[in-house]
Amino acid sequence: MTSRYPLVLLLILNFVFAGLLSAQTAKPERPPEVYDASVPKATFTEVRYGDHERHVLDFWKAESNVPTPVAFVIHGGGWSGGSKERLHRFADANALLEAGISVVAINYRYVPQAVEAGISPPVKAPLHDAARALQFIRSKAAEWGLDKERIGAAGGSAGACSSLWLAFHDDLADPSSADPVARESSRLWCAAVNGAQTSLDPKQMKEWTPNSRYGGHAFGLGKFASFLAGRESILPWIAEYSPYALVTKDDPPVYLIYSRPPALGRDEKDPTHTANFGVKLQEHCQRIGVSAELVYPDAPGVRHASPTDYLIATLTKDKADSESGFVSLFNGKDLTGWEGASGLWKVEDGVVVGTCEGPGEPSHNTFLVWQDGIVKDFELRATMRLVGDNNSGIQYRSRALPEVGPYAISGYQCDAHPAIEHTGMTYEEKGRGIFGLNGKNVMLDPDGERWLLSEHEPVKADLSQWTTYSIVARGNYLVHRVNGEVTSELIDHDEKGRALEGLLAIQLHSGNPYRVEIKDLRLRVIDDAEILPFDPAMLPKGAKKIERPRTTNPQGVGPIRSK
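Counting from 14, one number per residue, gives the positions in the sequence shown under my numbering.
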């Protein structure tokens, strides 16, 4: 009988040898990326902003006694690799923190993960992840001490393209959402990017740089030849996801830097990161009226040497800077451009002052009315304080009521009221009354009925100190903020009652003696915004019909004085 042991031994040796050979030829797993030694320790790490494993971000808090601007950094890697730990490639965290700017670095889903999940086009995943992370950061503003308005994006390559997409895309905020993060804005104050692809249109890319080879994977079309051949079938996607296609005159300023000079119409050594992208976007922005600073070796007119320099200059600059699009409505000297009741208004030490001497002086609520136009879709920012127990407000989209008295007004008002429930509420003077108290987001249906969509903790502010107010009016969607925090939102579907344009004014309330003081009143006109349609099916879960809110504090927080 022949022994089988030599055969068994041979099989065992063959198996062991194959295992050793496999171990020698297999690619070792890539170790996880870590931050460069120059990057300081983060305040918070691996903070989740969504459900996916890559929905995480790290946060560095700048030391400050006031809300800080934010540098929002999106890593590169072709939307197919890379991580937030590449932060140092795109921004100098130390310099930003020293300038009082907090820093965020995010991860997001890759294009291959989007393909696996059936997301179409695949690029939607990383772009919308970036928007969601930005909205999440805004939702943390009160907790982390952040300025919700002054958020600038930075990134390289695909992260740069994502940053420009955020800068130029319309706001993705959903004011009727039950999710408080989704209600936050996805807009930016600025963007400063490195090696950006400014277009995802293969025809444009081919014209600018003949040997272009990037972008097909963003739309599931693989190599560039297939991308170009399939262009006609994806034009709606290009219109939605290509930064170049999204630019409008109300967009924030941007900064673009490239490592080599442009060579339009010629093959490039690195066609994916060519300065040709920057030249064509800058030309496009200049035609539309958006500021775009372009930097490359020997570029003319360079004002900022790096994205970090630009972020520091732009995020900390005076809000009156012309690039932001805001115009001051007071000259700081007199009441030129304004008109109000004689003897009640004056300018004192560069501050506009309205004075109520007490009951009967004035006899009715009176207003200082802006004479240089009407307001429609806009953003307004003001700094005010109240001296005495009474209230004021910023009137907008309003109309005069001569039958009530001189300088009487009816219309929307952002209430400057010391009673916490009224601070920054949405209200209509001499009209439909209170819509949403501080902390309430309300919708009016076509019949004028009030619906409470959501609520949050009221914003607390001491109005006897200088307090900042912000009003954003886009179509029938109104948002009020106090010290950077949303106090109340209103969606007005009541076509018979609402106003889409009208007068701008400051209120001097009758009754208890007090002074209202105003400075830094600035206005930015917004392109005509769409009117949000009414759809009962879109009401968030938990929305409920409410009665018109009433007040027990019609003037201030104390008793009403009599004559």
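All C-beta atoms in this analysis are idealised placements derived from N, C-alpha and C, irrespective of residue type, glycine included.
This one's a predicted model, so the numbers in the text were calculated from it and none came from an experiment.
For the candidate residues the options, whose alpha-carbon lies nearest to that of residue i?
i, options, result
"residue 456", "508, 428, 280, 496", "508"
"residue 216", "198, 183, 257", "257"
"residue 405", "71, 386, 366, 93", "366"
"residue 352", "103, 382, 376", "382"
"residue 254", "76, 136, 151, 490", "136"
"residue 311", "275, 296, 321", "275"
"residue 234", "372, 214, 533, 69", "214"
"residue 542", "184, 53, 558", "184"
"residue 81", "112, 63, 66, 536", "112"
"residue 503", "449, 461, 459, 569", "449"
"residue 410", "379, 515, 430, 493", "515"
"residue 155", "78, 178, 286", "78"
"residue 288", "140, 488, 225, 348", "225"
"residue 469", "193, 487, 401", "193"
"residue 376", "394, 357, 361", "357"
"residue 402", "240, 570, 479", "570"
"residue 562", "440, 347, 339, 297", "440"
"residue 10", "232, 492, 239", "Shown here, the chain extends from 14 to 576; a query on residue 10 therefore has no answer."
"residue 545", "188, 178, 107", "188"
"residue 240", "134, 557, 560", "134"
"residue 63", "534, 145, 394, 483", "145"
"residue 389", "539, 532, 339, 400", "539"
"residue 203", "166, 186, 68, 227", "166"
"residue 292", "320, 227, 221", "221"
"residue 191", "512, 511, 466", "466"
"residue 415", "369, 547, 380", "380"
Could you tell me the distance, in whole angstroms, from the CA atom of residue i to the CA atom of residue j?
i, j, result
"residue 567", "residue 452", "18 Å"
"residue 328", "residue 269", "16 Å"
"residue 317", "residue 323", "6 Å"
"residue 589", "residue 281", "For the chain, the structure presents residues 14 to 576; residue 589 sits outside this window and is missing."
"residue 237", "residue 230", "9 Å"
"residue 438", "residue 398", "16 Å"
"residue 308", "residue 326", "16 Å"
"residue 56", "residue 151", "17 Å"
"residue 506", "residue 428", "21 Å"
"residue 385", "residue 530", "21 Å"
"residue 442", "residue 426", "7 Å"
"residue 463", "residue 87", "40 Å"
"residue 345", "residue 360", "7 Å"
"residue 272", "residue 286", "8 Å"
"residue 110", "residue 266", "22 Å"
"residue 487", "residue 279", "44 Å"
"residue 4", "residue 147", "Residue 4 lies beyond the range of the chain shown here (14 to 576); nothing can be said about it."
"residue 362", "residue 349", "15 Å"
"residue 48", "residue 537", "40 Å"
"residue 417", "residue 431", "26 Å"
"residue 294", "residue 211", "6 Å"
"residue 374", "residue 518", "19 Å"
"residue 127", "residue 65", "11 Å"
"residue 480", "residue 444", "26 Å"
"residue 413", "residue 491", "21 Å"
"residue 314", "residue 277", "19 Å"
"residue 354", "residue 458", "37 Å"
"residue 68", "residue 526", "54 Å"
"residue 528", "residue 394", "20 Å"
"residue 132", "residue 227", "20 Å"
"residue 593", "residue 489", "In this structure the chain extends from 14 to 576, so residue 593 is not present and cannot be described."
Could you please give me the residues that DSSP links to residue i through a beta bridge?
i, result
"residue 169", "207"
"residue 153", "According to DSSP, residue 153 bridges with nothing at all."
"residue 222", "Residue 222 pairs with nothing; no bridge assigned."
"residue 442", "424"
"residue 383", "351"
"residue 551", "According to DSSP, which records beta bridges pairwise, residue 551 is partnered with nothing at all."
Sufficient close CB pairs (3 or more, under 8 Å) joining the stretch 470–483 to the stretch 504–522: With the rule of 3 Cβ pairs closer than 8 Å, the stretch 470–483 does not count as touching the stretch 504–522.
Could you tell me whether the stretch 299–319 touches the stretch 262–275, where touching means 3 or more Cβ pairs closer than 8 Å? Yes, they touch.
Runs of 3 residues minimum, wholly inside the stretch 253–282: which ones carry the beta strand (DSSP E) assignment? Counting only runs that start and end inside the stretch 253–282, the beta strand (DSSP E) elements of at least 3 residues fall at 267–270.
Could you pull out every unbroken beta strand (DSSP E) segment of at least 3 residues lying fully inside the stretch 296–379, listed in chain order? Fully enclosed beta strand (DSSP E) runs of 3 or longer: 305–308, 358–361, 364–369.
Assess, as a yes-or-no matter, whether the stretch 111–131 is touched by the stretch 89–100 under the definition of 3 or more beta carbon pairs within less than 8 Å. Judged by Cβ distances under 8 Å, the stretch 89–100 makes contact with the stretch 111–131, as three or more pairs qualify.
Continuous alpha helix (DSSP H) assignments of at least 4 residues falling wholly in the stretch 66–149: The qualifying runs are 106–111, 124–129.
Is it a yes or a no for the stretch 496–505 touching the stretch 152–169, going by three-plus beta-carbon pairs under 8 Å? Taking 8 Å as the limit for Cβ pairs, the verdict is that the stretch 152–169 does touch the stretch 496–505.
Could you name each continuous beta strand (DSSP E) segment of 3 residues or more that falls completely within the stretch 490–531, going from the start of the chain to the end? For secondary structure counted as the beta strand (DSSP E) over 3 or more consecutive residues, the stretch 490–531 holds these complete runs in sequence order: 490–495, 498–505, 516–521.
Quick check: the stretch 167–179 against the stretch 203–216, are there 3 or more CB pairs under 8 Å? Using a Cβ-Cβ distance cut-off of 8 Å, the stretch 167–179 and the stretch 203–216 are in contact, since at least three pairs of beta carbons, one from each stretch, lie closer than that value.
Between the stretch 191–198 and the stretch 101–118, do three or more beta carbon pairs fall short of 8 Å? Contact between the stretch 191–198 and the stretch 101–118 is absent, because fewer than three Cβ pairs lie under 8 Å.
Determine, using beta-carbon pairs with one atom in the stretch 421–431 and one in the stretch 549–557, whether at least three such pairs fall under 8 Å. In this structure the stretch 421–431 does not touch the stretch 549–557; the number of beta carbon pairs closer than 8 Å is below three.
Does the stretch 97–106 come into contact with the stretch 217–227, if we say contact requires no fewer than three beta-carbon pairs (one atom in each stretch) closer than 8 Å? No, they do not touch.
Determine, using beta-carbon pairs with one atom in the stretch 70–77 and one in the stretch 44–62, whether at least three such pairs fall under 8 Å. Between the stretch 70–77 and the stretch 44–62 there are three or more C-beta pairs closer than 8 Å, enough to call the two in contact.
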